[in-house]
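Q: Numbering (the working numbering), first residue to last: 7 to 168. First the structure, which I've put down as structure tokens, then a few questions once you've had a look.
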């Protein structure tokens, strides 16, 4: 009678959408050495215009932090880390809200996290939203589709190729 919601299959090359509207930040310009150096996989950032952070692709939530500043979405073979702000784990959840739970199926564009930009900025943290393919090494190529400028939530941001 009721079908369990399952994510759509991933078709390669897969396109990951921007999780938030704002100004594009290339990986090399991220103000976190782990992300900028690729230790957490190929990634890009967006300096957000608002704190509404959405799913970049259909998938299943495979990890959520207690502090609501990050989540991981599994889309087929692709592991996508969405990280709201830099070093914001130190805020211990203040200014963040999860809209998802572990195991939940999400569709591209659905809310995942909310970040209070005013609170983050006034606490002295960088509010850049980072999207990383944490298992980059499993793919032939993970590349940015944008090099500069403004992006809207839902615009293509990363392409993952087998």
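The C-beta atom is built at its ideal place from N, Cα and C for all residues, glycine as well.
I'd like to know whether the C-beta atoms of residue 20 and residue 111 end up nearer to each other than 8 Å.
A: The answer is no: Cβ separation not under 8 Å.
Q: Take residue 63 and list the residues in its own chain whose beta-carbon comes closer than 6 Å to its own, dropping the five residues that flank it on each side.
A: So the list reads 22, 81 and 114, once near-sequence residues are dropped.
Q: Going by DSSP in three states, residue 102 sits in which element: helix, strand or coil?
A: Three-state result, residue 102: strand.
Q: What are the boundary residues of the alpha helix (DSSP H) that residue 39 is part of?
A: Segment 39-42, the alpha helix (DSSP H) holding residue 39.
Q: With a threshold of 16 other CB atoms inside 10 Å of the CB of residue 138, please say whether the residue is buried or exposed.
A: Burial call: buried.
Q: Is the region 42-58 touching the region 138-149 in the sense that three or more CB pairs, one from each, lie closer than 8 Å?
A: Segments in contact, yes.
Q: Find out if the Cβ-Cβ distance for the pair residue 70, residue 77 is shorter than 8 Å.
A: Result yes, Cβ atoms of residue 70 and residue 77 sit closer than 8 Å.
Q: Which whole-angstrom value describes the C-beta separation of residue 159 and residue 27, a residue pair presumed to lie in contact below a C-beta threshold of 8 Å?
A: Their Cβ separation, rounded to whole angstroms, is 5 Å, which keeps residue 159 and residue 27 in contact under 8 Å.
Q: Less than 8 Å between C-beta atoms, sequence neighbours within five positions excluded: which residues of the same chain meet that for residue 8?
A: Annotation note: pLDDT 48 at residue 8 (below 50); position unreliable, no value reported.
Q: Could you give the DSSP three-state label for residue 156: helix, strand or coil?
A: The answer is strand: DSSP assigns residue 156 an E or B state.
Q: Do you know offhand how far residue 108's Cα is from residue 35's?
A: Whole-angstrom Cα-Cα distance: 31 Å.
Q: For residue 149, tell me which candidate among 156, 141, 140 and 163 has the shortest Cα-Cα distance.
A: The shortest C-alpha separation from residue 149 is found at 163.
Q: Judging by CA-CA distance, which residue of 67, 132 and 86 is the nearest neighbour of residue 95?
A: If we check each option's Cα against that of residue 95, 132 comes out closest.
Q: For the ligand ATP, any of its heavy atoms closer than 7 Å to the Cβ of residue 86?
A: Although the ligand ATP was asked about, the structure shown includes no ligands whatsoever.
Q: To the nearest angstrom, report how far apart residue 24 and residue 92 are at their CA atoms.
A: Going from the Cα of residue 24 to the Cα of residue 92 covers about 17 Å.
Q: Secondary structure at residue 66, three-state DSSP: helix, strand or coil?
A: Reduced to three states, the DSSP call for residue 66 is strand.
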